[in-house]
Each structure stands twice: as structure tokens, then as C-alpha cells.
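Written below as C-alpha cells is the structure these notes are about.
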């Protein structure tokens, strides 16, 4: 037989770590076989459960100023907690040794308690299941009076024979406090002031110039005397200083916005206004302070575009008006203005325009120079090509029109007879050619000067002799030929042709005395 038992259990935090046992018992059997059992240790996960105590007290704790407080944050959590924090009035407290605040794991220690340390304390911790926050413990501190922020230090402007009421307010614990006043470290008679709760009022009168100085308000309770008094600086009341550091915050074609820094007003409240003058030196209007704060800010509208204005800025308090701060300003001109994004106006910068124009001009000049150089280079190349084409054409025409006598290489001429250039004279005699061409590839054509080939050619009465050969470096060469009349013929070599293969023409007179000249190629 099989017997089954089912248990539905909703565990709580208290069940964490408990042993759950299932036992089956048969009354008919004898021990130790009478029963059987099995068990499990429960693991219950839950968010941290946190409790805060101050000096082992979890409710109201009263300390005296300057004493020490120790706070313990007790935590129960499964799984374990992390990110433990202490809070004062809901704000997290940071470890700060300079202020005497030390945090170690779950302990917060504050040494030398001051008035700012009073309030509600709590702590918190977090694990995978969530975050838990402790109870709040009020730390009540007994401390000496301190000035409220508004009464800590102030300046009072007065004139001679003027009376004002000075008010002094403090904070203290316990609340039962007493006051006294001093002027330049001399205690004033109690008939001059009154006290009610945490506030005291002094009627102070400046009977003469010696009544200007420092007035102090002191308070004390059972803890002790106020450490720092509430101070009142009594100064001579004067009109305010004029606004300073004024500048144009914004300007358009029809409006101006001017902002300044307020001048000294001896502690008195002050207001600001401005006057602007047009070209006719007449007062246009008065403009009050645009801002409700202590910063003078003016917006002047309804102006003419491109017009200069003189603006006078003033400050006024209960004692009078300041001297003016004068500014010379102008609205934007329609010529020097452009619209951006609809209604926004920007100034036209003439300096920037000059710079941009100069850069564009420089770029244009460089481009023109480059184009001119390119055109000139192309023209030169074209002239060279045309010249070369013309020379090739002339040479081709000469080659097609006339016959060329047998050419002999330089090596054969050197070994056989350096003074004679072989040629077919019979063929030459039979021909009626007007041009005789000598092919000689030797380095120096002057060797032709003593050869009989010139005489032979001249006897055939050609009109010209064309020499093909290499022109050496030099300027002029002379060649003498003898045909019976001892005429001197001139062979000219141009310097620019030195070192290249060219065609030259001999200029001479034929046997009949007629001058014949063939243009050189």
C-alpha cells in the first residue's frame, strides 16, 4: 500500500532557516521501525528588513551640542543585502572626515554634533528581492542660538537724525532665549530694544556722525551664548552708484537691449531707468528696468534703422538718483543686415567682405596667369611642329625631284682615298641635272675643300651642290675650289645646327660666271 500526504505552506520571513519535517508512523510496528521521516531546511527569499537605532535607542534621542552620536543599521535579508545608506531628512549622508562624519559598514558616527545635524535619520539596504528602509529616528539637539539666514549680516543706510528699527531673529533649542545688543562693542541699554520669542527689535537712532558703525545682536539659552552674533552695518545713506559694465546684449533695426551691473547702493533697494536721445538731441523716452531682479536690463523699441542714439542709464534709491552712465549706440542698417531663419538679424562685417574679396581676386589672378602660360606653351609647341613639318616637306621634295649619287661609307673613304669621293662621273656627265648632291657622313665637311670632286662637279655646270653630312661645332667654314678662275666659295654652318645631321648648300659661280645659289634646307 502507498500513502501520500500533501502540505500547502505559505512561508514567512520567520520561516527562513526553519526545518520542515514529514513523518509517517505505523502504530502496529515496534520501535525503531515504528515511524519514518524526512526533512528540509527552508530558504525563504525576502527584501531587507532594516531597523535603525541611535545610541541603542530607536525613537527620540536628545543630544547636546558638541556631543557624539552613534547610529546602528540592523539588517535581515536573504540573499544578503548591499548598498547600505544613511539618510537625514531624506537626503543621503556621505562620509566626511572634515565634518566628523564616519560610515563603516552598518554604523554611522557623528562627532561634535552641530545644529545642522538635527532632524530625522533613517537607513536603507538593497538585495535581489528589493530595497528595505528602516524606521525614522528623530535626533533632537540642544544647541546655542544661531542667526537665521536673513539676519546673519546686513547693511543699513541711514542719515543723521534718522531712526530705524533693526530686527534680529535666531534659532535655538531650547527655545527659551534672551537678547542683548551692542554698538561698536558697547552694550546698549535694554530700554532701546524688545524681545519676543526668538526675535528682538532695536530702535536705533543716528544722532550724529559718530553713530555710524557696527551693531551686534546676541542671544543665549541654557546651552550657552550665541557663537556668532547677528550683524548690522550702519552706513551713511547716499544716492546709488551708476550702473556699470553696460553693453548691448542685442540689437535689431528698430530695437536695442542693454544690460548692466548694478552699482553700490549702501544696502538700499534701487531701481533703474534709461533715457535715449536721437539725432536731434531731444529726449525720446524713458525706459524703466525691464527685469524684476537686481540686474538692470533695458529694452528700447520703436527706433529708426541705421541711427545712432545716446543712452543715459540711471539708478535710484531712497536717497536719490545716481549720475548717468552714457552710451553711444546704433541700430542695424538695412544695407548691413541680412535675415537668418525668418526674423533673426545679423550684422554685416565689412572687414570680412574685404578679406573675401581679396582672396577671390588673388585666385582669379592666379587662374589668369596659369591660362596665359598654358596658351603660350601651346603656341610654342605648335610653332615647333609647323617648323619641323616644313623642313620635312622641303627635304621630301628635294629627294623626289633629284637623283642621289652613289653614297660611300666613311670607313671605305678613310681606307681607300680620303681626298676622293667616288661617284659615277659618266652617269653624271650624261645627266642634265642642275643639282649635284654629295653624301659624306664624316665628322668634318672641311675635307671637301681640297678634293677634285668639286672641280669635276663644276665642270658639269650644275647650278648648286648639296652636301649631306654631319655639321661639327663651329661658326664659319671656307672651301676653295679651282675651276680655272680661282674663285673662293663660302660654306656656312649655323651654330644652332651644330651636332645634328643637316643639309647644306654650296654657293658658287658656275663656269660661265653666273652666280648660282641653292637655298639651304
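Numbering (the UniProt record's numbering), first residue to last: 1 to 521.
Even for Gly, the Cβ is constructed at its ideal location relative to N, Cα and C.
Only residues of its own chain outside the window of five on either side were considered, and among them 180, 226 and 229 have a CB closer than 6 Å to the CB of residue 218, listed in chain order.
Under the DSSP definition of a beta bridge, residue 123 partners with 86. Rounded to whole angstroms, the separation of the alpha carbons of residue 248 and residue 256 is 7 Å. For residue 77, the enclosing beta strand (DSSP E) covers residues 69-78.
Just so you know, the alpha carbons of residue 84 and residue 232 end up roughly 46 Å apart.
Taking the Cα positions, residue 302 is about 6 Å away from residue 254.
With 16 or more other Cβ atoms from the protein chains shown falling within 10 Å of its own Cβ, residue 215 counts as buried. Annotation: the continuous beta strand (DSSP E) that includes residue 102 extends over 101-104.
Here the C-alpha atom of residue 133 lies approximately 15 Å from the C-alpha atom of residue 93.
Of all C-beta pairs linking the segment 197-209 to the segment 172-187, three or more are shorter than 8 Å, placing the two stretches in contact. Rounded to the nearest angstrom, the Cβ distance from residue 307 to residue 331 is 6 Å, consistent with a contact under 8 Å. Distance from the Cα of residue 21 is smallest, within the candidate group 30, 6 and 13, for 6. The continuous beta strand (DSSP E) containing residue 258 extends over residues 256-261.
For residue 213, the CB contacts under 7 Å within the same chain, skipping 5 residues up- and downstream, are 183, 184 and 234 in chain order. When DSSP reads this structure, residue 132 sits in a beta bridge with 125. Nearest C-alpha to residue 152 among 101, 168 and 162: 168. Pairing residue 359 with residue 366, the inter-Cα distance amounts to about 11 Å. Restricting attention to 373, 105, 272 and 107, the CA atom closest to the CA of residue 323 is found in 272. Around the beta carbon of residue 91, fewer than 16 other beta carbons sit within 10 angstroms, so the residue counts as exposed.
By the neighbour-count definition (other C-beta atoms within 10 Å, threshold 16), residue 300 is a buried residue. Under the 10 Å beta carbon count, residue 47 is surrounded by 16 or more other beta carbons and is classified as buried. Within the DSSP bridge table, the entry for residue 62 names 140 as partners. The alpha-carbon of residue 130 is positioned some 56 Å away from that of residue 298. With contacts defined as CB atoms closer than 7 Å, residue 70 and residue 57 fail to qualify as a contacting pair. DSSP lists 36 as the beta-bridge partner residues of residue 24. In the displayed model, residue 190 falls within a helix according to three-state DSSP. Within 10 angstroms of the beta-carbon of residue 276 lie 16 or more other beta-carbons, which makes it buried.
In this structure, the CA atom of residue 220 is about 30 Å from the CA atom of residue 96. At least 7 Å separates the beta-carbon of residue 243 from that of residue 270. Annotated three-state conformation of residue 316 is strand, per DSSP.
Annotation for residue 330: the continuous beta strand (DSSP E) segment containing it runs 325-330.
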